[in-house]
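In my numbering, the protein residues as written are 23 to 193.
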């Protein structure tokens, strides 16, 4: 399945993204909001994802996040796709040097393929709002969201997600 390393968001930014999830759900549109809340499901920025992660990388990852206080901006709404008549709706994460350096260090430690989506110059940082949005619903999705202000965010923590065990833990 999937092993990933993610940046979590400060409480205010987390709440703002969840409000956007809720607006989509209330409109009956695709959303990342879950019907049954899950403590492991929350807004995040994926720094690396792959089928496996070796134990040495797992042991060294917390050192990359020690003392983290990373500021960044969550910007415009973007669409990934279309693919098979659907798009993924995301919020852009505006990249700064610190964020790029952290992602590169994580991807290198985790053994990301240079040609893959987490390789140097290939990563597109974002926060997902909805997956599998039919292209015919893009207008309705944008209407449901209304104005989407930029968000000044801070991350003080990373987490690991192990989809095999369905567990997350703080780094």
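No residue lacks a Cβ here, since even glycine has one placed at the ideal position from N, Cα and C.
Check, Outcome
"So the beta strand (DSSP E) residue 152 belongs to, where does it begin and stop?", "148-156"
"Would you say residue 118 faces chain B, with C-beta separation under 7 angstroms as the test?", "Given the protein chain composition of this structure (a single chain), no chain B is represented."
"Which residue's Cα is closest to the Cα of residue 110: 40, 28 and 153?", "153"
"Can you grab the Cα-Cα spacing for the pair residue 136 / residue 87, in whole Å?", "22 angstroms"
"Identify the residues that DSSP records as bridge partners of residue 66: which are they?", "30"
"Can the beta-carbon of residue 63 be found less than 7 angstroms from the beta-carbon of residue 30?", "no"
"List the DSSP bridge partners of residue 43.", "Its beta-bridge partners do not exist; DSSP assigns none."
"Of the residues 145, 54 and 105, which one's Cα is nearest the Cα of residue 116?", "145"
"When DSSP builds the beta bridges, which residues end up paired with residue 191?", "182"
"Have a look at residue 173 and residue 181 and give me their C-alpha separation to the nearest angstrom.", "21 angstroms"
"Which partner residues does residue 71 have in the DSSP bridge list?", "26"
"Since residue 151 contacts residue 95 with CB under 8 angstroms, what's their CB separation in whole angstroms?", "Contact flag wrong, Cβ pair sits at about 16 angstroms."
"Specify, as a first and last residue, the run of the alpha helix (DSSP H) that residue 108 falls within.", "That residue, residue 108, is in no alpha helix (DSSP H); its beta strand (DSSP E) goes 108-116."
"Are the beta-carbon atoms of residue 166 and residue 44 separated by less than 7 angstroms?", "no"
"In this structure, does DSSP put residue 138 in helix, strand or coil?", "coil"
"Pick from 169, 130 and 185: whose alpha carbon is nearest that of residue 82?", "130"
"So what does DSSP say about residue 174, is it helix, strand or coil?", "strand"
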